[in-house]
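Per the numbering used here, residue 523 is the first one in the sequence shown, and the count goes up by one each step.
Each residue gets a CB set at the ideal place from its N, CA and C atoms; glycine is no exception.
No experiment lies behind these values; they were computed from the predicted model shown.
Everything below concerns the one structure shown next.
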Amino acid sequence: MRQTRLDVIRGAALVSMILYHACWDLAWMFGLAMPWYQGFWAHVWQQSICWTFILLSGYCWPLGRRQRKHGLITFGCGFLLTLVTAVFLPENLIFCGVLTLLGSSSLLLIPLRPALEKIPARLGLAGSFLLFLLLRDVNSGFLGFEGVHVAALPSQLYQNHLTAYLGFPPAGFFSTDYFSLLPWFFLFLTGYFLCRLPRTEQTNERRLPLLAAMGRRSLLIYMLHQPVIYGLLLALHVLFQPRT
């Protein structure tokens, strides 16, 4: 069942993502000096976007009726982005981007659902989120969260692109958008258990039609937003470039 407030939240996250990626293009593709963009608060901004999308996707999973179809489409869009960037923009390669993660998580939850439904929602919510925090730095070779390391992981885990998909990228691995199964599947799972918590029905949903409409078309907007942003910025760059 479609819930307008979820569409509004997704739409707001899309607006934030579009602004963030516009700044990325200005900094990395047009060479605009933006030192703040590599700082702490820019990192918080980026994390707020991806956390929202992943949590919301997990939350919406039990509400859907075609999880397999949706998961395959989302995974396929992620693979398409990998293919396009590998051929045309290898310096900006996307491997295991957020769409690959969301599609994989949606498909992985299908066989896990019978076992997960036996876990009390509050216990599952706490356990999933704690596992996400514990595994947050697994890509860097450690257990821990945002630089607070609990233990180092064996280097033998970090071998190739398959291990990178799981969460263990090899030396020299690069992707401009990287969301491996570990730790992010557990944040998706946190959203799933959050949806299962008892909640009261809300009848007076806030109506923000533009954001809601964007939220309903989030996958299409995600696929198109970067070419559109880059095209607009390029046109402005050419239009306002000083003439010699």
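- Go ahead and pull the three-state DSSP assignment for C757. The identity of residue 757 in the sequence shown is Ala, whereas the question assumes Cys. The answer is helix: DSSP assigns A757 an H, G or I state.
- Task: Locate the alpha helix (DSSP H) running through L666, then write down its first and last residues.
- Result: First, the amino acid is wrong: residue 666 is Gly here, not Leu. Where G666 is concerned, there is no enclosing alpha helix (DSSP H), although the beta strand (DSSP E) it sits in stretches over F664 to F667.
- Hey, quick one: how far does the beta strand (DSSP E) through A693 stretch, first residue to last? Per DSSP, A693 belongs to no beta strand (DSSP E) and is neither H nor E.
- Is DSSP giving A734 helix, strand or coil here? helix
- So, do the segment 617 to 629 and the segment 638 to 655 have three or more beta carbon pairs nearer to each other than 8 Å? no
- Output the distance between the C-alpha atoms of M523 and R658, rounded to the nearest integer angstrom. With a pLDDT of 45 at M523, under the threshold of 50, the modelled position of this residue cannot be trusted, and the question is left open.
- Task: Would you mind working out which of L623, L675 and L585 sits nearest L528, comparing C-alpha positions?
- Result: L585
- Item | Distance between beta carbons of Y581 and L716, contact taken as under 8 Å | 5 Å
- What are the boundary residues of the beta strand (DSSP E) that includes A673? V670 to A674
- Message: Measuring alpha carbon to alpha carbon, tell me which residue in R739, G753 and H759 is nearest V537.
- Response: R739
- Query: What is the DSSP secondary structure of E639, counted as helix, strand or coil?
  - Reply: coil
- Message: I need the straight-line Cα distance from M556 to R588, nearest angstrom please.
- Response: 43 Å
- Task: Go to Q569, then tell me how far its alpha helix (DSSP H) extends in each direction, as first and last residue.
- Result: F562 to C582
- Close beta carbons around I540, own chain, < 6 Å, minus the five adjacent residues each side: Hits under 6 Å: H747.
- Kindly indicate which residue of A608, C545, L655 and V566 has the alpha-carbon position closest to the one of L709. L655
- Item | Spatial neighbours of G561 in its chain, beta-carbon cut-off 8 Å, leaving aside the 5 residues before and after | none
- Item | Spatial neighbours of G506 in its chain, beta-carbon cut-off 7 Å, leaving aside the 5 residues before and after | Missing from the structure shown is residue 506; the chain here goes from 523 to 766 and no further.
- Query: So does the segment 679 to 690 actually touch the segment 604 to 621, counting three or more Cβ pairs closer than 8 Å?
  - Reply: yes
- Message: Please classify A693 as buried or exposed, where buried requires at least 16 other C-beta atoms within 10 Å of its C-beta.
- Response: exposed
- Task: Please report how far the alpha carbon of V670 lies from the alpha carbon of S677, in whole angstroms.
- Result: Distance from the CA atom of V670 to the CA atom of S677, rounded to whole angstroms, is 19 Å.
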